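For the sequence shown, the working numbering gives the first residue as 8, with consecutive numbering after it.
For every residue, glycine included, the Cβ atom is placed at its ideal position computed from N, Cα and C.
Predicted model, so just to flag it, every value in this text is computed and none were measured.
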Amino acid sequence: MDNHWEGLTLMDNFKRILEFVPSLAGHEHLVNNMFKLFIHMTMTRDSVEKVKLFFSLVDLKNKLFSLCKSEEDCNRVRQPLSHCQLL
Numbered sequence: 008m009d010n011h012w013e014g015l016t017l018m019d020n021f022k023r024i025l026e027f028v029p030s031l032a033g034h035e036h037l038v039n040n041m042f043k044l045f046i047h048m049t050m051t052r053d054s055v056e057k058v059k060l061f062f063s064l065v066d067l068k069n070k071l072f073s074l075c076k077s078e079e080d081c082n083r084v085r086q087p088l089s090h091c092q093l094l
């Protein structure tokens, strides 16, 4: 259970950091969806469902990177994601 709470803390920090990424303004729904998927993935016991959710998270991560208009914005997204082991 500790990993679950640690993951939630990391994802919450990720949401806060993304508030300061200019390229992602107006795309908060992607970040919120990513947060919800992460929570669901950490709570499900079904390994097949976990894999599906993981790939959905990766897809959202790729969408976030595609929206970044500068290397600085990409780095702001990349740093917290690496802590969540989603890179």
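- N39 and K70 have their alpha carbons spaced roughly 13 Å apart.
- By the CB criterion at 9 Å, S30 and L74 fall inside the cutoff.
- Annotated three-state conformation of D19 is helix, per DSSP.
- H36 is the residue among N82, S54, H36 whose C-alpha sits nearest the C-alpha of L67.
- The beta carbon of K22 lies closer than 7 Å to those of V38, F42 in the same chain, with the five residues before and after it left out.
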